[in-house]
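Residue numbers (full-length UniProt numbering): 1 to 163.
Worksheet for the structure shown next.
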């Protein structure tokens with residue numbers, strides 16, 4: 001189990017995760033005192049698309065997805081990912097503002113993050129994981145969060161608003 005492996009006792013998957021990046025906390029503390037530079041975030045969450053194919057009653061995105069939607073172009077995402085890598089960000093998580101797998105360049109984005117030496121992660125409702133190209137991109141993700149919140153079809157429809 002990675003969360004309690006002796007070789008990496010402090011990691012983002014266990015209750016001691018707060019100590020994983022203690023060195024960053026120290027740098028932030030110095031920066032707050034006017035010494036040194038503010039370090040980059042450890043991970044950035046990017047929402048490449050504001051669109052979702054589900055209508056989950058609990059999702060905070062539903063408040064704005066009903067009135068607006070849009071997506072960042074591959075060119076904008078490329079430049080943003082490149083900036084984050086040069087800044088020293090260690091990981092990028094795609095999701096949050098909708099279903100990120102609905103963006104036609106999700107696989108390309110994940111691959112580019114990894115190509116630049118950062119870790120990647122994805123939050124998804126799981127409805128597009130049948131895409132072979134996307135599945136190949138997910139193999140090297142640090143983690144993939146899939147919404148598993150219903151035990152049967154009736155409950156699934158009630159929660160997600162779709163079959």
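Heads up, the beta-carbon is just placed ideally off N, CA and C, and yes, glycines get one too.
Note that the structure is predicted; figures quoted are calculated from it, not measured.
Where DSSP assigns a beta bridge to residue i, which residues make up the other side?
i: residue 44; result: 92
i: residue 146; result: 124
i: residue 49; result: 71
Taking only three categories from DSSP, how would you classify residue i?
i: residue 122; result: strand
i: residue 139; result: coil
i: residue 111; result: helix
When you compare each of the options to residue i by their alpha carbons, which one comes out closest?
i: residue 106; options: 14, 47, 26 and 25; result: 47
i: residue 24; options: 89, 60 and 135; result: 89
i: residue 150; options: 125, 18 and 137; result: 125
Taking Cβ to Cβ, would you say residue i is nearer than 7 Å to residue j?
i: residue 99; j: residue 52; result: yes
i: residue 113; j: residue 44; result: no
i: residue 39; j: residue 27; result: yes
i: residue 50; j: residue 69; result: yes
i: residue 144; j: residue 116; result: no
i: residue 103; j: residue 71; result: yes
i: residue 21; j: residue 42; result: yes
In angstroms, rounded to a whole number, what distance separates the CA positions of residue i and residue j?
i: residue 110; j: residue 131; result: 14 Å
i: residue 19; j: residue 154; result: 42 Å
i: residue 133; j: residue 76; result: 22 Å
i: residue 35; j: residue 160; result: 49 Å
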